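Okay, so here's the structure we're looking at.
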Amino acid sequence: MPFDPSALGLSLPVIQAPMAGVTTPELAAAVSNAGALGSLGLGGGDVEAARRQLRATRALTDGPVNANFFCHQPPRRDVARDTAWIARLAPLLARFGAAAPEQMASPYIPFQDQPGMVEMLLEERPAVVSFHFGLPPADQVAALKSAGITLIASATSVPEARIMAEGGMDGIVAQGWEAGGHRGILDPDGPDPRKPCLTLVAEIAQALPLPVIAAGGLMDAADIRAALDAGATAAQLGTAFLLCPESASDAAYRAALAQARPGSTRMQRAISGRPARSLETAFTRFTAGVDPADVPSYPLAYDIFKQLTAAAKSHDATGYAAQWAGSNAHRATARPAAQLIAEWSAALEQVEAGQGA
Ligand SMILES: Cc1cc2nc3c(=O)[nH]c(=O)nc-3n(C[C@H](O)[C@H](O)[C@H](O)COP(=O)(O)O)c2cc1C
């Protein structure tokens with residue numbers, strides 16, 4: 007069934023974006039209890055970790071929940087490039103007392119390659135399952151759909167949206183260039199149209215008969231309204247929730263967000279091997295001049311970066327962690343999720359009442 011906020015029981019057509027490492031059962035449940043769709047970013051874990059998060063959320067809400075996964079392709083190893091990258095980061099690791107690894111491993115197993123993941127979802131039955139970086143094979147899609155689970159996936163262009171539609175998705179997350187975190191682009195080495203969110207929403211809504219969910223740089227009720235006016239069925243906001251007390255953002259991340267200014271974010275790929283929008287940090291400055299072709303394939307680069315993060319953290323150095331944020335990070339506010347949803351609902355109702363008068 008096409009993605010439908012009312013059919014899911016939402017009183018506000020808003021999705022709290024899945025954010026691996028940042029979303030928590032408390033955040034997703036607070037959002038769902040307030041009438042929007044709470045999401046869990048489960049792309050970084052295994053079947054049992056995903057099940058635990060889903061059960062912990064279910065214990066806090068009867069509302070709908072979106073479980074999000076990564077469907078990336080396996081990394082392409084390139085010995086010369088990978089060795090050169092390790093050598094490039096070795097002095098940074100050494101500064102924090104850590105040895106450079108001999109090679110990089112793949113920290114994330116894609117959804118489609120995790121035995122038992124689909125079966126776990128058929129048991130736990132989240133209302134929505136969403137995919138980033140691609141789609142699972144047709145038999146997995148069919149199994150989830152036949153259980154009545156609504157499926158959505160990210161696209162950064164009309165051709166990608168078409169692939170998602172043909173792959174059986176019930177809605178498309180139109181992820182604009184402004185979006186925080188990883189860009190869902192299918193081929194990180196191919197051309198990138200860098201479409202802003204509202205342009206992309208309008209293009210996909212015109213090209214395809216599927217509901218479109220706007221994502222990227224949306225921070226408040228006026229932005230949500232603009233997305234709906236551009237043709238979106240719902241809006242997905244990530245950065246707007248990063249400072250909520252229910253999110254898992256750590257103190258350094260929160261402090262950096264609180265200091266963000268317009269222009270404080272960078273689209274870069276040195277952290278993980280895929281383009282992703284982050285706050286400017288000591289690491290993004292260190293790698294600013296790097297040719298994207300020199301960065302190991304996703305998620306290999308993430309492996310050595312995570313080692314650097316841990317080493318730096320043990321020396322109280324805060325500039326070497328992933329601080330994902332959308333281009334409007336400077337507009338994030340530190341309030342409980344329920345307060346954000348209530349404020350957006352009231353503001354949108356006011357606009358609708360004004361239009362009806
Ligand atoms: C901290 C952070 C982590 C993210 N992790 C994920 C993820 O695990 N899965 C996913 O589909 N999208 C992820 N995203 C992207 C969001 O789904 C969404 O596209 C983005 O937050 C929208 O832009 P905004 O941050 O400006 O609202 C992440 C975004 C942020 C900010």
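Going left to right, the sequence shown walks through residues 7 to 363 as the working numbering numbers them.
The beta-carbon is built from N, C-alpha and C at its ideal position, and this holds for glycine as well.
Remember, it's a predicted structure, so these values are computed and weren't measured experimentally.
With DSSP collapsed to three states, give me the class of Leu248. In this structure, Leu248 counts as coil in the three-state DSSP scheme.
Mapping the DSSP letters down to three states, classify Trp183 as helix, strand or coil. Coil.
Ser45, DSSP secondary structure in three states: In this structure, Ser45 counts as strand in the three-state DSSP scheme.
By DSSP, does Ala316 sit in helix, in strand, or in coil? Ala316: helix per DSSP, three-state reduction.
If you pair each beta-carbon of the region 289-305 with each one of the region 240-255, do three or more pairs fall below 8 Å? The region 289-305, when compared against the region 240-255, does not touch it at the 8 Å Cβ threshold.
Is there a Cβ of chain B sitting closer than 8 Å to that of Ala86, yes or no? In the structure shown, chain B does not exist; there is a single protein chain.
Between Pro121, Leu216, Ala262 and Ser303, which has its C-alpha nearest Asp284's C-alpha? The sequence given here places Ser at residue 284; Asp does not occur at that position. By alpha-carbon distance to Ser284, the top candidate from Pro121, Leu216, Ala262 and Ser303 is Ala262.
Taking its Cβ as the centre, do 16 or more other Cβ atoms sit within 10 Å of Pro298, making it buried, or is it exposed? It is exposed - the Cβ of Pro298 has fewer than 16 other Cβ atoms within 10 Å.
Is it buried or exposed, Leu14, if we count other Cβ atoms within 10 angstroms and call 16 or more buried? Buried, since its Cβ has 16 or more Cβ neighbours within 10 Å.
Three-way DSSP call (helix, strand, coil) for Ala338 in this model: Residue state for Ala338 is assigned as coil, using DSSP reduced to three classes.
What is the rounded straight-line gap between the Cα of Thr287 and the Cα of Gly154? So the alpha carbons of these two residues sit roughly 43 Å apart.
My assumption, with CB atoms under 8 Å, is that Gly186 sits in contact with Ala318. Please give the rounded CB distance. Not confirmed; about 21 Å, so no contact.
When the Cα atoms are used, what is the spatial distance from Pro19 to Arg101? Each residue's Cα considered, the two are about 47 Å apart.
Check whether the region 80-87 touches the region 148-166, taking contact to mean three or more Cβ pairs, one atom from each stretch, closer than 8 Å. These segments do not touch.
Exposure of Ser136, with buried meaning 16 or more beta-carbon neighbours within 10 Å: Ser136 should be labelled buried.
Between which residues of its own chain and Ala106 is the CB-CB distance below 8 Å, once the five residues before and five after are set aside? Within the same chain, Cβ atoms closer than 8 Å to the Cβ of Ala106 are found at Ile92, Ala93, Leu95, Ala96, Leu99, Ala100 and Ile310, the five residues on either side in sequence being excluded.
With distances taken from each beta carbon to the nearest heavy atom of ligand 1, which residues come in below 5 Å, in chain order? Chain-ordered, the residues whose CB falls short of 5 Å from any heavy atom of ligand 1 come out as Ala23, Pro24, Met25, Ala26, Val28, Gly47, Gly49, Asn74, His138, Gln181, Ala185, Gly186, Gly187, Ala221, Gly222, Gly223, Leu243, Gly244, Thr245, Trp330 and Gly332.
What number of angstroms, rounded off, separates the C-alpha of Asp226 from the C-alpha of Arg341? Counting only the Cα atoms, Arg341 lies some 13 Å from Asp226.
Assuming Gly177 and Phe9 are in contact, meaning their beta carbons sit under 8 Å apart, how far apart are those beta carbons, in whole angstroms? With a Cβ gap of about 3 Å, Gly177 and Phe9 count as contacting.
Starting from Phe289, trace the alpha helix (DSSP H) in both directions and tell me its first and last residue. Residues Ala288 to Phe292.
Per DSSP, what kind of secondary structure is Arg283 in: helix, strand or coil? In the structure shown, Arg283 sits in a strand (DSSP, three-state: E or B).
Exposed unless 16 or more other CB atoms sit within 10 angstroms - verdict on Glu108: Result: exposed.
Buried or exposed by the 16-neighbour rule on C-beta atoms within 10 Å, applied to Gly122: So Gly122 counts as exposed.
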